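Input: a single structure, listed below in structure tokens.
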Amino acid sequence: MANDNPVGAQRTKWVDYSRCIGCESCEAICKFLYGLPRIQMTESDEGLAFPLYCHHCEHPMCAKACPVGAIEKDEATGAVYHDPARCRGCKAMKCMQACPFGAIYHAGGVVPVTKCDLCRDRARVGLGPACMEICPCEAIHFVTREELLNLKTREASTAQKLVMKQIRQMRGQK
Amino acid sequence: MRTRMNFGLFRDKPGPRNGRSVAIAGAGPSGLSAAGYLACRGYAVTVYDKMPKPGGLLYFGIPDFRLPVERTEAAAELLAANYGVAFRMRTKIVGQPGEARDEGDEFRTEELLLTDLRAAHDAVILCTGSWRSRRMGIPGEELPEVLSGLEYLFPLRGAVCGPEACVSPALGRKVVVIGGGLSAMDAAQCALRSGAERVTMLYRRTIDEAPAGPYEIGLLQDCGMIWKELAMPLRILGREHVEGVEFLQCALGEPDESGRRCPLPQDGSNQILEADMVISAVGELPTLPLAERLEVSKVRKGASPWPRMTMMEGVFVAGDALTGPSKIGWAITGGLEAARSLEQWLNHTQGGR
Ligand SMILES: Cc1cc2nc3c(=O)[nH]c(=O)nc-3n(C[C@H](O)[C@H](O)[C@H](O)COP(=O)(O)OP(=O)(O)OC[C@H]3O[C@@H](n4cnc5c(N)ncnc54)[C@H](O)[C@@H]3O)c2cc1C
Ligand code: SF4
Ligand code: SF4
Numbered sequence: 354m355a356n357d358n359p360v361g362a363q364r365t366k367w368v369d370y371s372r373c374i375g376c377e378s379c380e381a382i383c384k385f386l387y388g389l390p391r392i393q394m395t396e397s398d399e400g401l402a403f404p405l406y407c408h409h410c411e412h413p414m415c416a417k418a419c420p421v422g423a424i425e426k427d428e429a430t431g432a433v434y435h436d437p438a439r440c441r442g443c444k445a446m447k448c449m450q451a452c453p454f455g456a457i458y459h460a461g462g463v464v465p466v467t468k469c470d471l472c473r474d475r476a477r478v479g480l481g482p483a484c485m486e487i488c489p490c491e492a493i494h495f496v497t498r499e500e501l502l503n504l505k506t507r508e509a510s511t512a513q514k515l516v517m518k519q520i521r522q523m524r525g526q527k
Numbered sequence: 003m004r005t006r007m008n009f010g011l012f013r014d015k016p017g018p019r020n021g022r023s024v025a026i027a028g029a030g031p032s033g034l035s036a037a038g039y040l041a042c043r044g045y046a047v048t049v050y051d052k053m054p055k056p057g058g059l060l061y062f063g064i065p066d067f068r069l070p071v072e073r074t075e076a077a078a079e080l081l082a083a084n085y086g087v088a089f090r091m092r093t094k095i096v097g098q099p100g101e102a103r104d105e106g107d108e109f110r111t112e113e114l115l116l117t118d119l120r121a122a123h124d125a126v127i128l129c130t131g132s133w134r135s136r137r138m139g140i141p142g143e144e145l146p147e148v149l150s151g152l153e154y155l156f157p158l159r160g161a162v163c164g165p166e167a168c169v170s171p172a173l174g175r176k177v178v179v180i181g182g183g184l185s186a187m188d189a190a191q192c193a194l195r196s197g198a199e200r201v202t203m204l205y206r207r208t209i210d211e212a213p214a215g216p217y218e219i220g221l222l223q224d225c226g227m228i229w230k231e232l233a234m235p236l237r238i239l240g241r242e243h244v245e246g247v248e249f250l251q252c253a254l255g256e257p258d259e260s261g262r263r264c265p266l267p268q269d270g271s272n273q274i275l276e277a278d279m280v281i282s283a284v285g286e287l288p289t290l291p292l293a294e295r296l297e298v299s300k301v302r303k304g305a306s307p308w309p310r311m312t313m314m315e316g317v318f319v320a321g322d323a324l325t326g327p328s329k330i331g332w333a334i335t336g337g338l339e340a341a342r343s344l345e346q347w348l349n350h351t352q353g354g355r
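Line order of the protein sequences matches chains A and B. When the first sequence is numbered by the working numbering, its final residue is 527 and no position is left out of the sequence of numbers. When the second sequence is numbered by the working numbering, its final residue is 355 and no position is left out of the sequence of numbers.
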């Protein structure tokens, strides 16, 4: 397979917003597989559509914010997992407030939140994140942090800044 | 590291054969995602498309600088090579032989009746998109330099289509694009890139109502496109060739049934714009063979006998063929949901597995 995961290497998901055309395919496949999408589209005031997604941060703010330790970074894969069994469904939803990328979503059930797990079940059988495979623009990457450095073009950084400005604004409004 | 696009993303290889066969008409994103899903579930899948290459509008509509065409091409090849999906290109599925002409029909070399297709398979999904261009219905529309958005965009894929295709005729011309949707934007951008002298876009409502949104329109204005809103084309001027476009200036009225505010033409506000080429991208309509028998309006309303099944038993519908022009993501959702519904229907009628 073209998407082999080098054993032991921590890989993360990264969206090159300069290639993204806002087509919603990533959200669509995630929704089809998991019911509630863990990568969700949003739109800037001017109408630029882009997906919000979990960056599986090196120092995840969501994990720090959770009072019961329901969110943890798996040191083997680098993925940041939310454990519904441990999540107590606190009303404050501190993880959601803490995430700088708007990547934790209301689930509206007994377990109130959901987030990307880099398609954990698929990874067990050697498959990569579904959104990466369906994106028609090759905007979604699943890479090591070293590989990521090579992907960050000037266009990508400019687009990322635009998106971050929008996310900060949305978070401020809440 | 490069990652490929994979419509068969559910497994690394096709599922164990279940003895059932499905035909999919239309190889756009809805058809390809349905094909990928069903192949992974063990179905023998054949995809029919009238164009010379699979991909639908990913291949023939959306320009290369926004969506890399080789990625779509590789995705279809992967479905064929790795998931055993069969492709029958240049084959149009029709209700009756020689039915109404849609965009791209000139590429077909074969026609197959929908009824025959249905008889040869356990079920069929129609993913035939929206390939009939809406007409403006104004005088002068028949002039040779008046093209629909799709008519203008197809040939830009050039060589792959063979000798039927021409190169972009926008070079050095004064182009007027009519519309405010995604195909209008892409046509305008292609015209700018291929050296048009001037590109003006006329839209009936304002930038805030335009389906493409102020962001995209702003980007094109930065590239030199002239944006004229609240402009309603009245006629295309010229005897044998396009010489100009006459339009009326409008004001915004009350919201209509779609919730958008209607443009109201202002008397005596006629203006003339010089032009030697017009691209009318005012929308496309769903193209379905045997539309009168399928009654897809029932599917839209959720009043069909089985979710996403038309009034013809075992014939399902998905993507822009059901919804009208939409988005890639919606088409993918539609294709997948139709495939799942088809599977449940076959389990129900032929015994579950
Ligand atoms: C210029 C342009 C730009 C766009 N830009 C974007 C964008 O940026 N983002 C976005 O999300 N969406 C965009 N869209 C919309 C998007 O391309 C469509 O919503 C999507 O491709 C629909 O997928 P589909 O599978 O339903 O149909 P299509 O992609 O239209 O595919 C239909 C297929 O059916 C075939 N076919 C039709 N009739 C028959 C028949 N009778 N027999 C056999 N085959 C037949 C056609 O050849 C075609 O291959 C754009 C559309 C256009 C035109
Ligand atoms: S949910 Fe947010 S804070 Fe937590 S790892 Fe993902 S991007 Fe980082
Ligand atoms: S699938 Fe790719 S191009 Fe489409 S919205 Fe998601 S990241 Fe952007």
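Heads up, the beta-carbon is just placed ideally off N, CA and C, and yes, glycines get one too. These numbers come from a predicted model, not from an experiment.
Exercise for the section: Per DSSP, which residues does M234(B) bridge with? Please list them. Expected result: L250(B)
Problem - 4-residue-minimum alpha helix (DSSP H) runs that sit fully inside the segment 325-354 of chain B, ordered along the chain - result: 330-352
Exercise for the section: Output, in sequence order along the chain, the residues in the segment 383-414 of chain A whose CB is closer than 9 Å to any CB in chain D. Expected result: You won't find chain D in this structure, because its protein chains are A and B.
Exercise for the section: Indicate the three-state DSSP secondary structure (helix, strand or coil) for T339(A) in the structure shown. Expected result: The question about residue 339(A) has no answer, for chain A in this structure spans 354 to 527.
Exercise for the section: Would you mind telling me which residues of chain B sit closer than 7 Å to E425(A), beta carbon to beta carbon, in chain order? Expected result: Chain B residues near E425(A): none, gap ~27 Å exceeds 7 Å.
Practice task
Using alpha carbons as the reference points, say which of T117(B), A121(B), G57(B) and V96(B) lies closest to T111(B).
Solution key: V96(B)
Problem - Nearest-angstrom Cα separation, counted from V49(B) out to A37(B) - result: 7 Å
Problem - Cα-Cα separation between N349(B) and Y387(A), rounded to whole angstroms - result: 22 Å
Handout entry: Reference D14(B), options N84(B), A46(B) and T74(B), closest by Cα
Key = N84(B)
Exercise for the section: Mind listing the chain B neighbours of S378(A)? Cutoff is C-beta to C-beta under 7 Å, in chain order. Expected result: I330, G331 and I334
Exercise for the section: List the residues of chain B that G479(A) touches, going by C-beta distances under 8 Å, in chain order. Expected result: D14
Practice task
Please confirm if L173(B) has its CB atom under 9 Å from at least one CB of chain A.
Solution key: L173(B) does not count as touching chain A.
Handout entry: For Y434(A), the first and last residue of its enclosing beta strand (DSSP E)
Key = Where Y434(A) is concerned, the enclosing beta strand (DSSP E) stretches over V433 to H435.
Exercise for the section: Please list, in chain order, all residues of the same chain as A212(B) whose beta carbon is under 7 Å from its beta carbon, the five residues on each side excluded. Expected result: Answer for A212(B): G182, Y205 and I219, listed in chain order.
Handout entry: Within chain B, partners of C490(A) - CB distance below 8 Å
Key = R68, L69, P70 and R73
Handout entry: beta strand (DSSP E) runs contained entirely in the segment 358-388 of chain A, provided each spans 3 or more residues
Key = 364-368
Practice task
Would you mind telling me which residues of chain B sit closer than 7 Å to M485(A), beta carbon to beta carbon, in chain order?
Solution key: T5
Exercise for the section: Would you kindly work out how many angstroms separate the C-alpha atoms of C264(B) and L254(B), rounded to a whole number? Expected result: About 6 Å.
Handout entry: DSSP bridge partner residues for I140(B) (one or two, in chain order)
Key = Partner(s): none; I140(B) has no beta bridge.
Exercise for the section: Identify whether M314(B) lies in helix, strand or coil by the three-state DSSP scheme. Expected result: Here M314(B) carries a coil assignment [DSSP, helix/strand/coil].
Problem - Short CB-CB distance (under 9 Å) between V301(B) and chain A - result: no
Practice task
Identify the continuous alpha helix (DSSP H) that holds C346(A) and give its terminal residues.
Solution key: The first residue shown for chain A is 354 and the last is 527, placing residue 346(A) beyond what the model contains.
Exercise for the section: Please classify D369(A): is it buried, with 16 or more other beta-carbons within 10 angstroms of its beta-carbon, or exposed? Expected result: Per the 10 Å Cβ criterion, buried.
Exercise for the section: Tell me, to the nearest whole angstrom, how far the beta carbon of V148(B) is from that of V244(B); I am working on the premise that it is less than 8 Å. Expected result: In this structure V148(B) touches V244(B) by the C-beta definition: roughly 6 Å separates them, less than 8 Å.
Practice task
Starting from F67(B), trace the alpha helix (DSSP H) both ways and give me its first and last residue.
Solution key: Per DSSP, F67(B) belongs to no alpha helix (DSSP H) and is neither H nor E.
Exercise for the section: Confirm the yes/no value for this check: CB of V516(A), any heavy atom of ligand 3, distance under 8 Å. Expected result: no
Exercise for the section: Provide the residue span of the beta strand (DSSP E) that contains K426(A), from first to last. Expected result: I424 to K426
Handout entry: Residues sharing a beta bridge with E276(B), DSSP
Key = G246(B)
Practice task
Decide yes or no for the touch test of the segment 304-312 of chain B against the segment 20-32 of chain B: beta carbon pairs closer than 8 Å, at least 3 of them.
Solution key: no
Problem - C-alpha gap between T289(B) and D210(B), whole angstroms - result: T289(B) and D210(B) have their C-alpha atoms roughly 29 Å apart.
Practice task
Flag E345(B) as yes when its Cβ comes closer than 8 Å to any non-hydrogen atom of ligand 3, and as no otherwise.
Solution key: False, no ligand heavy atom lies under 8 Å from that Cβ.
Practice task
Give me the Cα-Cα distance between G240(B) and A277(B), rounded to the nearest whole angstrom.
Solution key: 10 Å
Problem - Own chain, CB closer than 6 Å to R19(B), minus 5 neighbours either side, in chain order - result: G44
Problem - Residue environment, S510(A), which counts as buried when at least 16 other CB atoms sit within 10 Å - result: exposed
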